[in-house]
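Top line first, the protein sequences correspond to chains E and X. Going letter by letter, the first sequence gives residues 194 to 378 in the numbering used here. Going letter by letter, the second sequence gives residues 194 to 378 in the numbering used here. Glycine included, every Cβ here is placed at the ideal spot set by N, Cα and C.
Protein chains: 2
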Amino acid sequence: MDTRENIMHVAKEMVQSHGYNALSFREIAKAIGVKSASIHYHFPTKGHLGAALAARYTEDAENFLGALQVEPAHLRETVKSYIAAFRAALLNDNRMCLCGIMVAERDDLPDNVRVEVDRFTDVNVKWLEILLRNVHPQMPRKEAASRALAIFSAIEGAQLIARGRGDVKVFDTVVAAYTDAGLLP
Amino acid sequence: MDTRENIMHVAKEMVQSHGYNALSFREIAKAIGVKSASIHYHFPTKGHLGAALAARYTEDAENFLGALQVEPAHLRETVKSYIAAFRAALLNDNRMCLCGIMVAERDDLPDNVRVEVDRFTDVNVKWLEILLRNVHPQMPRKEAASRALAIFSAIEGAQLIARGRGDVKVFDTVVAAYTDAGLLP
DNA sequence: CAATATCTATTTATCGATAGATAGGTGTGC
DNA sequence: GCACACCTATCTATCGATAAATAGATATTG
């Protein structure tokens with residue numbers, strides 16, 4: 194039906210599985226039953242497509258995070274929901290965070306794609322910072338920023354390693370260890 | 194001089210910068226001043242080269258870790274050295290752990306390459322486990338295993354995110370936060 | 001209302017670049 | 001003279017990208 198949406202849907206999953214470099218117009222076309230030239234009608238270049246994917250991914254994250262409660266009373270559940278979002282990618286055929294996998298290829302990304310990928314990190318870290326400051330009102334701004342960055346890094350790392358093992362249980366184990374150690378609130 | 198060594202040297206750095214997929218026989222050849230066909234003389238296929246790279250990388254890690262003191266008395270320095278090894282990759286032109294970046298492409302790796310990449314994680318986690326058990330003799334084996342996996346995941350994640358930012362300071366900040374939170378011993 | 005024009009979405013066919021891989025020749029040193 | 005190391009030349013496959021044609025919907029105009 195909506196070819197443009199179909200393209201974005203399969204392209205997103207392909208990047209999450211194989212990275213931006215391995216994303217092929219011909220493979221996308223085959224998957225949705227059109228010719229590769231049609232992809233160029235909707236996305237002039239591969240860079241346009243990559244940037245659109247990353248932009249939407251970040252927007253979705255913004256919406257998801259915006260809907261979560263950041264009050265201390267809901268902390269437990271909120272953290273659980275946040276972690277579950279990253280866990281879901283692994284459950285979905287051992288995929289990775291779109292921006293996490295693209296960071297690994299950052300030097301080969303078109304500029305506009307890299308900008309959008311960076312924004313995903315920003316959005317996540319900023320949100321975590323707010324969460325931390327709500328839970329620990331006395332925490333200095335700088336410390337909250339460092340801690341937020343550390344939490345995000347740790348979760349991305351857990352996803353990367355768990356994916357390498359092809360086992361969601363690895364992700365769960367690592368997250369549990371993060372919590373035990375006191376890294377996660 | 195030693196073409197085989199030259200190939201492995203530049204190939205290693207290319208993978209650390211751009212990933213396995215982007216590794217090109219022609220680029221390697223150009224970099225060391227031979228023709229691409231010569232690479233095939235030393236490494237029949239790209240898979241052979243990739244496996245050799247990952248195998249040596251893991252061997253080097255084994256040797257490096259084997260030379261570190263794991264007694265509690267040297268804990269501080271040992272942890273510092275371990276972290277510094279990952280930090281060094283970032284300092285070296287914003288590169289990543291060879292196996293860390295390859296994990297992101299795991300689904301597209303030849304089987305023998307993937308096996309070697311997995312071994313790097315094993316070696317690191319096993320060593321961290323021994324370190325933890327030495328420092329905390331009372332720690333249950335299972336807990337040490339989880340904690341070791343968490344530390345490794347967190348460090349790989351810190352490297353990934355810091356690389357995305359193109360800033361070693363991000364790595365340092367995150368590692369400091371890990372230590373503050375009590376994740377690192 | 002009908003004829004014409006334009007726009008949208010897609011196709012076919014092809015381009016140049018680059019990928020890994022291979023067959024067979026060349027030179028060098030033991 | 002033969003094994004090693006490298007070369008030239010080439011093959012097939014795939015990549016992103018583009019030009020030109022087309023079918024169908026929509027809008028414009030006489």
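Anticipated Cβ contact below 8 Å, GLU322(X) with ALA343(X), distance rounded:
Here residue 322(X) refers to the residue found at position 129 when the second sequence is read from its first residue. Here residue 343(X) refers to the residue found at position 150 when the second sequence is read from its first residue. That belief does not hold up - the Cβ atoms of GLU322(X) and ALA343(X) are roughly 11 Å apart, past 8 Å.
Run through DSSP, which three-state label would VAL361(E) get?
Stepping through the first sequence from its first residue, residue 361(E) is reached at position 168. Correct three-state label for VAL361(E): helix.
For the alpha helix (DSSP H) that contains ASN305(E), what are its first and last residues?
In the first sequence, residue 305(E) corresponds to position 112, counting from 1. Taken as a continuous stretch (DSSP letters only), the alpha helix (DSSP H) holding ASN305(E) covers 304-328.
What in chain E is Cβ-close to VAL272(X), meaning under 9 Å?
Working through the second sequence from its first residue, we reach residue 272(X) at position 79. In chain order: nothing, as chain E lies at least about 14 Å away.
Do you know whose CA, among ILE348(E), TRP320(E) and ALA297(E), lies nearest HIS211(E)'s CA?
Residue numbering aside, residue 211(E) sits at position 18 when the first sequence is read from its first letter. Considering only alpha carbons, the answer is ALA297(E).
Ranges of the alpha helix (DSSP H) found wholly within the segment 254-301 of chain X, counting only runs of at least 4
268-284 and 291-296
Cβ-based contacts, 9 Å cut-off: residues of the segment 202-213 of chain X near chain E
Listed in sequence order: SER210, HIS211 and GLY212.
Excluding five sequence neighbours on each side, which residues of the same chain lie with their C-beta closer than 7 Å to the C-beta of ALA347(E)?
Walking along the first sequence from the start, residue 347(E) turns up at place 154. Answer for ALA347(E): TYR371 and LEU376, listed in chain order.
Identify whether GLY226(X) lies in helix, strand or coil by the three-state DSSP scheme.
Counted from its first residue, the second sequence places residue 226(X) at position 33. GLY226(X) falls in the coil class under three-state DSSP.
Inter-residue spacing [alpha-carbon to alpha-carbon] between ILE221(X) and LEU246(X):
Position 28 of the second sequence, counting from 1, holds the residue named residue 221(X). Position 53 of the second sequence, counting from 1, holds the residue named residue 246(X). Counting only the Cα atoms, LEU246(X) lies some 13 Å from ILE221(X).
Min CB distance TYR371(X) to chain E below 9 Å
The residue you call residue 371(X) lines up with position 178 of the second sequence. Closer than 9 Å: yes.
What does the alpha-carbon distance come out to for the pair ALA341(E) and ARG288(X)?
Residue mapping note: residue 341(E) aligns to position 148 of the first sequence, counting from 1. Residue mapping note: residue 288(X) aligns to position 95 of the second sequence, counting from 1. Roughly 23 Å separates the two Cα atoms.
I'd like to check one pair, GLU255(X) with VAL308(X): are the Cβ atoms closer than 9 Å?
Reading the second sequence from its first residue, position 115 is the one you call residue 308(X). Reading the second sequence from its first residue, position 62 is the one you call residue 255(X). No, they are not a contact pair.
Tell me whether the beta-carbon of ILE203(E) lies closer than 9 Å to the beta-carbon of ALA230(E).
Numbered from its first residue, the first sequence carries residue 203(E) at position 10. Numbered from its first residue, the first sequence carries residue 230(E) at position 37. Correcting the residue identity first, residue 203(E) is Val in this sequence and not Ile. Not in contact: VAL203(E) and ALA230(E) (Cβ atoms no closer than 9 Å).
Quick one: any contact between the segment 270-286 of chain X and the segment 349-357 of chain X, if contact means 3 or more CB pairs under 8 Å?
yes
May I ask you to report which of helix, strand or coil DSSP gives TYR213(X)?
By one-based count along the second sequence, residue 213(X) stands at place 20. Three-state DSSP puts TYR213(X) in coil, outside helix and strand.
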